[in-house]
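Residue numbers (the numbering used here): 1106 to 1308.
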Amino acid sequence: MVALPVKPQFSLGPLILAMVSIALFFAGQSMTDLLAYDRYALQSMETWRLISGNLIHTNGYHLVLNLVGLVLLWALHGEHYRPVTFLKLFIWCGLGTSLGIYFFSPQLIWYVGLSGALHGIFVWGACMDILNKVRSGWLLLAGVAAKLLFEQFQGSSEDVASLIDASVAIDAHLYGAVCGAVLFLLMWLFTLTADFIAARRKA
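Given below as structure tokens:
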């Protein structure tokens, strides 16, 4: 049986994200209106929405679905989730998701939810597994790639859309996943460069 990564250094980041999302949900509709991704509001320079929109949810079902996804990610990849690293990942994946929507999906006027950023964190975690020679990382990466392709060609689930009282923003999933892959690549290249420079200095 695989032990869950329950130590604080692995669980604090996801816990903070979950608590902030829950608090904002119970803050009410006025907070949703202020923080949701809104294309027209962004054009009026309300740029905080690029990040904050990822923390807002349409209803309780939407929040619970995303929190379940967060818990599953923590169970799969929690050993990679140092608090600062995890929160930086969320911010960058959330920002990448929102910017992707803004520039490449102009028809999507309004968006909320963790799911885009979570797809990015999922891809990053799968890549970290591969880097650490965990074979299941390849299966996870193939699985999320298949899911993204299915969504792009077949569309979103009508049942899920009905449950969360909103259309499922499948493009957000794609942009988040791409952002997670890019972040992993940049972090990996940075580590390789730092190791190379350190080795040169010792030589």
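C-beta: ideal position from N, C-alpha, C; glycine also.
Since the structure is predicted, the reported quantities are computational estimates derived from the model, not experimental observations.
When beta bridges are read from the DSSP output, Asp1143 appears opposite Trp1215. Nearest Cα to Val1173 within the set Ala1123, Asp1234, Ile1302: Ala1123.
Only buried fits Asp1276, as 16 or more other CB atoms lie within 10 angstroms of its CB. For Gln1134, the closest alpha carbon among the candidates Arg1306, Gly1165, Ile1156 is that of Gly1165. Straight across, the Cα-Cα distance linking Pro1188 with Leu1194 is about 10 Å. Counting along the chain, Ile1302 sits inside the alpha helix (DSSP H) bounded by residues 1275 to 1307.
Burial of Gly1221 is indicated by the presence of at least 16 other C-beta atoms within 10 angstroms of its C-beta. Three or more Cβ pairs closer than 8 Å define a contact, and the stretch 1214 to 1230 meets that threshold against the stretch 1142 to 1155.
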